[in-house]
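Have a look at the structure below before the remarks.
In the UniProt record's numbering, the protein residues as written are 1 to 505.
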């Protein structure tokens, strides 16, 4: 089923003034942000002050010695007072107009924040901004890879992000009664199983203009709620102190999507059962004939040998017929095995990092239920590989679920690191857990069919994985020491350059 949302934001064009500079630094790092400008005198203010000053000075120079000078001084005084009063009235009207505009803007902002019908969060990411900037200045460009290797630093940053305010719809959606239940550290509502926090840091480092991603929150009752986050990202340093984030509750949508996917799976399973029934009948029919021939010829040869005078030539003919019938039965089995073998389907060029992300998205709920945090470290610029996407994702899903199960008894963080890198012309992928590890004796048989260390396990998951990788011309192996977790690795061949001529001569 097509996924409408994704855990990872897609690359998109930046707005004007955002992105990276020639040195690879985000443009926001070069701007401090707007500050309140001091009030400046206008020309009208200077002109009014000059007139009043001139009138007062003229009034001071007049010495009233007669009636005319007295009237002149009085007139100048009245004019000066009138101009001053006019100036005060003009100032009062201006200030009143500004207050009205300020109140209108305040009410409009309040309307937008509290009455939009969507949950809004005001958050302070300044600590995360400073850390991203420090890493960039130290030469770190792969934020996802860095924090995959330092998960504790990522957790510390998540605690340092502060929720400053939320609107009424955020309270309603989270089942909270007061803002104090949601404000404070982001770590209170964003669980450790979240896969997207590091993507915020990646977006900051790239100078992205918009962030949009799916994640899950913990509501006031401790329940996980699926949500779609969107935010316009800052254009300067100061903007990180007040990021407005919106979130849309998609829990019901995800539940409906899951039910539809399950229905599709049930239909596919029914189709497979029907196909296997027809295939089983066909195999039984194909194998039954040579088996019947084997039985009849074997019985005939026994009768020729048990005669008073054994007829060796006839017995030999019957035994040759047995061999021929057995060969036909073997051929039927081999054809069936080839038909059912897990050979790759459509081999196409694929980005390994994208295959990993999509595979984790398929089992995000299972990983969340197990309390597992996935950390992906894919070397930037990896060449594409030639692979069948379904088969490779099946391998990643199985290895990730195995890693989660290996840590089900652990207390504290349960980190699974999935890495991809280029090694001697081949792309290698590893899945590492921090469980109890695998002893050497178990490692010898762990890829054998029907071998399992789990109660009730069928022991086919790793066998299927090795078959999938082998069909791609790669290897799957494990390195582990008891008490130090396990690392499963496989390699894939890189895709040839589509512009090169690969015609055989």
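Ideal Cβ placement from N, Cα and C applies to all residues, glycine included.
I'd like the span of the beta strand (DSSP E) that includes residue 486, first residue to last. Taking the first residue of the chain shown as position 1, residue 486 is located at position 486. Element bounds for residue 486: 486-493.
If you reduce the DSSP assignment to three classes, tell me which class residue 125 lands in. Translated into the one-based positions of the chain shown, residue 125 becomes position 125. In the structure shown, residue 125 sits in coil (DSSP, three-state: anything other than H, G, I, E or B).
Decide if residue 143 is buried, meaning its Cβ has at least 16 other Cβ atoms within 10 Å, or exposed. By 1-based counting over the chain shown, the position of residue 143 is 143. Buried, by the Cβ-count rule.
Can you give me the C-alpha to C-alpha distance between residue 211 and residue 355, rounded to a whole angstrom? Walking along the chain shown from the start, residue 211 turns up at place 211. Walking along the chain shown from the start, residue 355 turns up at place 355. Each residue's alpha carbon lies about 21 Å from the other.
Could you check if residue 297 is buried or exposed, using at least 16 other CB atoms within 10 Å of its CB as the buried criterion? On the chain shown, position 297 is the one that residue 297 refers to. Flag for residue 297 reads buried.
Buried or exposed for residue 227, going by 16 or more other Cβ atoms inside 10 Å? Within the chain shown, the letter at position 227 stands for residue 227. Per the 10 Å Cβ criterion, buried.
Counting beta carbon pairs with one atom in the region 365-379 and one in the region 436-443, are three or more of them shorter than 8 Å? no
With a 10 Å radius around its C-beta and 16 neighbouring C-beta atoms as the bar for buried, classify residue 200 as buried or exposed. Counting from 1 along the chain shown, the entry for residue 200 is found at position 200. Under this definition residue 200 is a buried residue.
Which of the three DSSP states, helix, strand or coil, is assigned to residue 480? Counting from 1 along the chain shown, the entry for residue 480 is found at position 480. DSSP places residue 480 in strand when its eight states are reduced to three.
Span of the alpha helix (DSSP H), counted from its first residue to its last, around residue 388: Here residue 388 is taken as the residue at index 388 of the chain shown, counted from 1. Note, residue 388: premise wrong, no alpha helix (DSSP H); not H, not E.
Which residue comes first and which comes last in the alpha helix (DSSP H) that contains residue 428? As a first step, residue 428 is located in the chain shown; it is residue number 428 there, counting from the start. Where residue 428 is concerned, there is no enclosing alpha helix (DSSP H), although the beta strand (DSSP E) it sits in stretches over 426-432.
Pick helix, strand or coil for residue 20, following the three-state DSSP scheme. Taking the first residue of the chain shown as position 1, residue 20 is located at position 20. Strand, per DSSP.
Cβ pair count under 8 Å reaching 3, the region 418-425 against the region 379-390: yes
Out of 406, 191, 476, which one is the CA nearest neighbour of residue 484? Translated into positions along the chain shown, residue 484 becomes position 484. Out of 406, 191, 476, 406 has the C-alpha closest to the C-alpha of residue 484.
For residue 283 and residue 305, the rounded distance between their alpha carbons: Within the chain shown, numbered from 1, the residue matching residue 305 stands at position 305. Within the chain shown, numbered from 1, the residue matching residue 283 stands at position 283. If you take the alpha carbons of residue 305 and residue 283, they lie about 33 Å apart.
Decide if the region 463-477 is in contact with the region 387-396; the criterion is three or more beta carbon pairs, one per stretch, under 8 Å apart. yes
Kindly indicate which three-state DSSP category residue 299 falls into: helix, strand or coil? Translated into the one-based positions of the chain shown, residue 299 becomes position 299. Reduced to three states, the DSSP call for residue 299 is helix.
Span of the alpha helix (DSSP H) holding residue 467? Within the chain shown, numbered from 1, the residue matching residue 467 stands at position 467. Segment 461-471, the alpha helix (DSSP H) holding residue 467.
Can you tell me which residues form a DSSP beta bridge with residue 214? If you number the chain shown from 1, residue 214 lands on position 214. Bridge partners of residue 214: 228.
Using a Cβ-Cβ cut-off of 7 Å (strictly less than) and excluding sequence neighbours within five positions of residue 19, which residues of its own chain qualify? Walking along the chain shown from the start, residue 19 turns up at place 19. Hits under 7 Å: 27, 207.
C-alpha gap between residue 149 and residue 401, whole angstroms: Start at 1 with the first residue of the chain shown, and residue 149 comes out as number 149. Start at 1 with the first residue of the chain shown, and residue 401 comes out as number 401. Whole-angstrom Cα-Cα distance: 20 Å.
Bounding residues of the beta strand (DSSP E) (the contiguous stretch that carries residue 248): Numbered from 1 along the chain shown, position 248 holds the residue referred to as residue 248. Run containing residue 248: 243-249, per the beta strand (DSSP E) assignment.
N-terminal and C-terminal residue of the beta strand (DSSP E) that residue 373 is part of: In the chain shown, the residue the question calls residue 373 occupies position 373. It spans 372-378 - the beta strand (DSSP E) in which residue 373 sits, taken as one unbroken run.
Kindly indicate the opening and closing residues of the alpha helix (DSSP H) around residue 112. As a working mapping, residue 112 is identified with position 112 in the chain shown. Where residue 112 is concerned, the enclosing alpha helix (DSSP H) stretches over 67-114.
Once the 5 residues before and after residue 184 are set aside, which same chain residues still bring their CB inside 8 Å of it? In the chain shown, the residue the question calls residue 184 occupies position 184. 162, 163.
In angstroms with no decimal places, state the Cα-to-Cα distance between residue 490 and residue 147. Against the chain shown, residue 490 aligns to sequence position 490. Against the chain shown, residue 147 aligns to sequence position 147. Taking the straight line from one Cα to the other gives about 23 Å.
Can you tell me whether DSSP reads residue 152 as helix, strand or coil? For the purposes of this step, residue 152 is identified with residue 152 of the chain shown, where counting begins at 1. DSSP places residue 152 in helix when its eight states are reduced to three.
Kindly indicate the opening and closing residues of the beta strand (DSSP E) around residue 355. Working through the chain shown from its first residue, we reach residue 355 at position 355. No beta strand (DSSP E) contains residue 355, which is instead part of the alpha helix (DSSP H) from 352-362.
If you compare alpha carbons, which of 145, 180, 388 is closest to residue 379? Taking the first residue of the chain shown as 1, we reach residue 379 at position 379. Minimum Cα distance to residue 379 is reached at 145.
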